[in-house]
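Numbering (our numbering), first residue to last: 6 to 210. What follows is a set of notes on a single structure, which appears directly below.
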């Protein structure tokens, strides 16, 4: 039942946000096109639920030829590969907003483990693979706990914890914390737990 409600919530909120964001998307598309060479959108194959491959949509924030990501080479705030308008889009998370289309198509959810590069699947063991048991999300536990400031393995653990303890209440808490991250930055919430998912073990997330 929760999965059905989660899908209904995804569709309703995504449609509302699409209507609200559309005028902003037009302005952003114009700014990207006229401030740096290249396409407006960055589209890439990513593994979704149960490893099903889909194309993820983002506004392009990096300079031409910088899209090939390397493991361990995260895009940080002062990364010179990022365009001027791209810095604003990444800081505000608006660059991720086209993924509302992925949500409506049923490839993603508003909340869930962030989709990674296909090449990352080679490093997954049985435990990490649990993060693929749910649809990837626009935001998730790792994104409201420091995101790029966290070790990759710590992000995986948070993703697995989300899958194992998912609830609509947890989704709501993650969305509200995401608003705080957008306003104050990812580093502000580094190592700040949201909720204790395992009270008997003392493990907070």
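We treat Cβ as the ideally placed atom computed from N, Cα and C, and that holds for glycine. The structure presented is a predicted model; accordingly, all values stated were derived computationally and were not measured.
Check, Outcome
"Could you work out which residue in 138, 92 and 86 is closest to residue 117 when comparing CA atoms only?", "138"
"Does the distance from the C-beta atom of residue 140 to that of residue 165 stay below 7 Å?", "no"
"Where DSSP assigns a beta bridge to residue 49, which residues make up the other side?", "61"
"Does DSSP put residue 188 in a helix, in a strand, or in coil?", "helix"
"At a cut of 8 Å, does the region 141–149 reach the region 176–189 through at least three beta carbon pairs?", "yes"
"How far does the alpha helix (DSSP H) with residue 97 in it reach, from first residue to last?", "89–97"
"From 126, 89, 127 and 158, pick the residue whose C-alpha is nearest to that of residue 42; which is it?", "89"
"Contact defined as beta carbons within less than 8 Å: I believe residue 65 pairs with residue 47. What is the distance between those atoms, to the nearest angstrom?", "4 Å"
"Would you check if the distance between the CB atom of residue 100 and the CB atom of residue 63 is smaller than 7 Å?", "yes"
"Under 7 Å between C-beta atoms, does residue 150 make it to chain D?", "Of the protein chains in the structure, only one exists, and it is not chain D."
"Taking the CB atoms as reference points, tell me whether residue 50 and residue 115 lie closer together than 7 Å.", "no"
"Of all the options 125, 108, 12 and 36, which has the alpha carbon lying nearest to the alpha carbon of residue 91?", "36"
"Would you decide whether residue 160 is buried or exposed? Buried here means 16 or more other CB atoms lie within 10 Å of its CB.", "buried"
"Give me, in chain order, the residues of the same chain whose beta-carbon lies closer than 8 Å to that of residue 105; leave out the 5 immediate sequence neighbours on both sides.", "19, 22, 23, 26 and 143"
"Under 7 Å between the Cβ atoms of residue 175 and residue 7?", "no"
"Any idea if residue 128 is buried or exposed, counting beta-carbon neighbours within 10 angstroms, 16 or more meaning buried?", "exposed"
"By Cβ distance below 8 Å, which residues in the same chain neighbour residue 193 in space, the five residues on each side in sequence not counted?", "185 and 186"
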